[in-house]
Amino acid sequence: MKRRLLASSFLQSNPCLKSSAFDAAHLLSRASTLNLSFSRQHHHNLSSFSSHRVSFSTRMPAQKEKAEQPLTQDPKETIFAKIANGTFESKPVYEDDRCIAINDINPAAPVHFLILSKKIAIGQVHNATDNDEAELGHMLLVAGKIANEQKLTQGYRLVVNQGVNALQTVNYLHIHMLAGKDNMSWPPC
Numbered sequence: 001m002k003r004r005l006l007a008s009s010f011l012q013s014n015p016c017l018k019s020s021a022f023d024a025a026h027l028l029s030r031a032s033t034l035n036l037s038f039s040r041q042h043h044h045n046l047s048s049f050s051s052h053r054v055s056f057s058t059r060m061p062a063q064k065e066k067a068e069q070p071l072t073q074d075p076k077e078t079i080f081a082k083i084a085n086g087t088f089e090s091k092p093v094y095e096d097d098r099c100i101a102i103n104d105i106n107p108a109a110p111v112h113f114l115i116l117s118k119k120i121a122i123g124q125v126h127n128a129t130d131n132d133e134a135e136l137g138h139m140l141l142v143a144g145k146i147a148n149e150q151k152l153t154q155g156y157r158l159v160v161n162q163g164v165n166a167l168q169t170v171n172y173l174h175i176h177m178l179a180g181k182d183n184m185s186w187p188p189c
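In case it helps, full-length UniProt numbering puts the sequence shown at residues 1 to 189.
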């Protein structure tokens with residue numbers, strides 16, 4: 001009974017799954033990985049999927065488990081700070097004297113870059129000061145330059161995760177640049 005209530009709550013809270021085309025029976029199984037069935041003819045916003053089956057895990061993703069840890073590490077000691085200051089080797093997609101952009105090691109889209117400032121090492125936007133204004137603006141300009149260079153101007157998303165509840169995993173302010181999907185719906189499913 002409890003499993004059925006959880007499944008019902010999951011279906012009600014996820015607008016992408018509210019349909020009779022969704023096979024809820026799979027959600028009630030005890031498997032660690034579930035197959036969710038969708039019908040393309042009933043879901044216009046699923047046209048970018050290459051098949052009718054989508055994998056879904058009942059386990060908490062490693063990213064969420066990691067994000068549940070407090071973001072207490074000094075931003076200047078994070079891996080992103082080391083990449084930004086050049087003490088950790090990386091292959092930049094873009095670099096200038098103020099920013100570096102790298103590929104995300106766990107991409108959430110076919111194109112997924114991280115834009116890091118070399119000049120400011122703060123954990124979150126609410127830690128920024130008026131002195132950080134130019135660098136924060138420069139990070140957005142870099143996103144535009146990357147979009148032009150990579151021919152992404154038909155659509156891309158910029159995301160800044162802030163805090164544990166937003167699944168921020170590294171305490172260093174950075175911008176995620178995501179693209180490469182034909183239809184990037186919101187909320188992301």
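Idealized CB from N, CA, C, for every residue including glycine. These numbers were taken from a predicted model, which means no experiment stands behind them.
Suppose you measure from the CA of residue i to the CA of residue j; what does that come to, to the nearest Å?
| i | j | result |
| --- | --- | --- |
| P75 | K118 | 12 Å |
| L158 | M139 | 11 Å |
| T72 | D97 | 28 Å |
| D182 | I175 | 21 Å |
| E77 | E89 | 15 Å |
| I100 | K151 | 18 Å |
| N103 | N127 | 25 Å |
| K91 | S185 | 30 Å |
| T153 | G144 | 8 Å |
| Q162 | I146 | 23 Å |
| E149 | F80 | 23 Å |
| G137 | T129 | 13 Å |
My output table needs one value for residue i: the three-state DSSP class, helix, strand or coil.
| i | result |
| --- | --- |
| I175 | strand |
| N161 | coil |
| I83 | helix |
| I122 | coil |
| I105 | coil |
| E95 | strand |
| V111 | strand |
| L141 | helix |
| L136 | helix |
If residue i and residue j are in contact, beta carbons under 8 Å, what's the gap, nearest whole angstrom?
| i | j | result |
| --- | --- | --- |
| A109 | G180 | 5 Å |
| V142 | Y172 | The pair is not a contact, with the Cβ atoms about 16 Å apart (cut-off 8 Å). |
Would you call residue i buried or exposed, if buried means 16 or more other Cβ atoms sit within 10 Å of its Cβ?
| i | result |
| --- | --- |
| I105 | exposed |
| L178 | buried |
| F113 | buried |
| A134 | exposed |
Within 7 Å: the Cβ of residue i and any heavy atom of the ligand MG?
| i | result |
| --- | --- |
| I79 | Because no ligand of any kind appears in the structure shown, any question about the ligand MG cannot be addressed here. |
Decide yes or no for the touch test of the segment 107-118 against the segment 76-88: beta carbon pairs closer than 8 Å, at least 3 of them. yes
Taking three-plus beta-carbon pairs below 8 Å as touching, is the segment 159-172 in contact with the segment 120-130? yes
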